[in-house]
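Remarks on the structure that follows.
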Amino acid sequence: GENVEQHPSTLSVQEGDSAVIKCTYSDSASNYFPWYKQELGKRPQLIIDIRSNVGEKKDQRIAVTLNKTAKHFSLHITETQPEDSAVYFCAASPGWGKLQFGAGTQVVVTP
Amino acid sequence: KAGVTQTPRYLIKTRGQQVTLSCSPISGHRSVSWYQQTPGQGLQFLFEYFSETQRNKGNFPGRFSGRQFSNSRSEMNVSTLELGDSALYLCASSLGDRNNEQFFGPGTRLTVL
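Taken in sequence, the protein lines are chains A and B. My numbering puts the first sequence at residues 293 to 403. My numbering puts the second sequence at residues 514 to 626.
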């Protein structure tokens, strides 16, 4: 089955710096790759996603890149702010209604 | 549109009991997926229902089951509860195509004593 690996597990950045989280997946049938942000005690919220016919997608300070050949995708957050502090999950969709999640990255943005 | 809702938000049960959790999807969404979230195992897929049919299933024992009603609301049931079933149970709804966005509910926090 699909296996998604996510690195790093924790990431500390200074406010204003960039943060990068990387994920790899194993199932070449996966065509959809969302990223979720989960704040403490809250539900996961979709922040950006990318489909396999696109190599890069950007939404304000957030961007995602996908390399289907290498089976990896990355989340880039620029100009980080304290409110970006949260756990971020990458996921791949290997089948109907199923998301296979990475283990998560705890991002801490210090002022 | 109203978001995904889940009831109850919190549950405390004892070992051996059974529990039923409910999920109401976003209006117009026909797919409901269920996930278990624990500190040790992260977010794990349980199963997905679309038009009242289970379309996909994760690697959980048969004690975990679900169903979906004609209005797309879904329930999941856990029988013979074990201590290890303590977790946050999240449901997510989507339109139902394979690459549609999934929107999560607030979750049900289950504690098994």
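Built from N, CA and C at the ideal position, the CB exists for glycine as well. Predicted model, so just to flag it, every value in this text is computed and none were measured.
Neighbour list for residue i in chain A, Cβ cutoff strictly below 9 Å
i: Leu603 (chain B); result: Arg335, Pro336
i: Pro521 (chain B); result: Here the premise fails: no neighbours, minimum Cβ distance about 15 Å.
i: Ser544 (chain B); result: Trp388, Gly389
Nearest-angstrom Cβ-Cβ length linking residue i and residue j, presumed shorter than 8 Å
i: Leu358 (chain A); j: Phe325 (chain A); result: 6 Å
i: Asn612 (chain B); j: Asn323 (chain A); result: 6 Å
i: Gly571 (chain B); j: Leu601 (chain B); result: About 16 Å; that fails the 8 Å criterion.
i: Val591 (chain B); j: Arg528 (chain B); result: With 8 Å as the limit, Val591 (chain B) and Arg528 (chain B) do not qualify as a contact, their Cβ atoms being about 12 Å apart.
i: Phe616 (chain B); j: Gly541 (chain B); result: That belief does not hold up - the Cβ atoms of Phe616 (chain B) and Gly541 (chain B) are roughly 11 Å apart, past 8 Å.
Beta-carbon proximity of residue i to residue j, cut-off 8 Å
i: Glu331 (chain A); j: Gln373 (chain A); result: no
i: Ser546 (chain B); j: Gly389 (chain A); result: yes
i: Cys536 (chain B); j: Arg586 (chain B); result: yes
i: Glu294 (chain A); j: Thr316 (chain A); result: no
i: Leu556 (chain B); j: Phe365 (chain A); result: no
Nearest residue (CA-CA) to residue i, options the options
i: Leu303 (chain A); options: A:Leu367, A:Leu391, A:Lys390; result: A:Leu367
i: Lys349 (chain A); options: A:Thr361, A:Gly387, A:Trp327; result: A:Trp327
i: Thr533 (chain B); options: B:Lys526, B:Met589, B:Gly571, B:Gly597; result: B:Met589
i: Ala321 (chain A); options: A:Asp351, A:Thr402, A:Val399, A:Asn345; result: A:Asn345
i: Asp610 (chain B); options: B:Gly571, B:Ser535, B:Ser564; result: B:Ser564
i: Val400 (chain A); options: A:Glu294, A:Gln298, A:Val305, A:His299; result: A:Val305
i: Ile525 (chain B); options: B:Gln615, B:Thr518, B:Phe616, B:Ser599; result: B:Ser599
i: Phe573 (chain B); options: B:Leu559, B:Gly516, B:Thr551; result: B:Leu559
i: Pro538 (chain B); options: B:Gly575, B:Arg580, B:Thr518, B:Gln550; result: B:Thr518
i: Leu596 (chain B); options: B:Leu623, B:Ala605, B:Leu603, B:Gln615; result: B:Leu623
i: Thr593 (chain B); options: B:Phe577, B:Ser606, B:Tyr548, B:Pro552; result: B:Phe577
Residue i: contacting residues in chain A (beta-carbon distance under 8 Å)
i: Glu614 (chain B); result: Pro326, Leu338, Asp341
i: Gly620 (chain B); result: Arg335
Where residue i meets chain A, residues with beta-carbon distance less than 7 Å
i: Asn569 (chain B); result: Gly387, Trp388, Gly389, Lys390
i: Phe617 (chain B); result: Arg335, Pro336
Chain A within 8 Å of residue i, Cβ atoms only
i: Arg611 (chain B); result: yes
i: Glu561 (chain B); result: yes
i: Leu556 (chain B); result: yes
i: Phe573 (chain B); result: no
Closer than 7 Å at the beta carbon, the chain B residues around residue i
i: Asn323 (chain A); result: Asn612
i: Gln393 (chain A); result: One point to set straight first is that residue 393 (chain A) is Phe, not Gln, in the sequence displayed. Within chain B, the residues near Phe393 (chain A) are Gly555, Leu556.
Below-8 Å beta-carbon distance, residue i vs any chain B residue
i: Gly308 (chain A); result: no
i: Gly347 (chain A); result: no
i: Phe381 (chain A); result: yes
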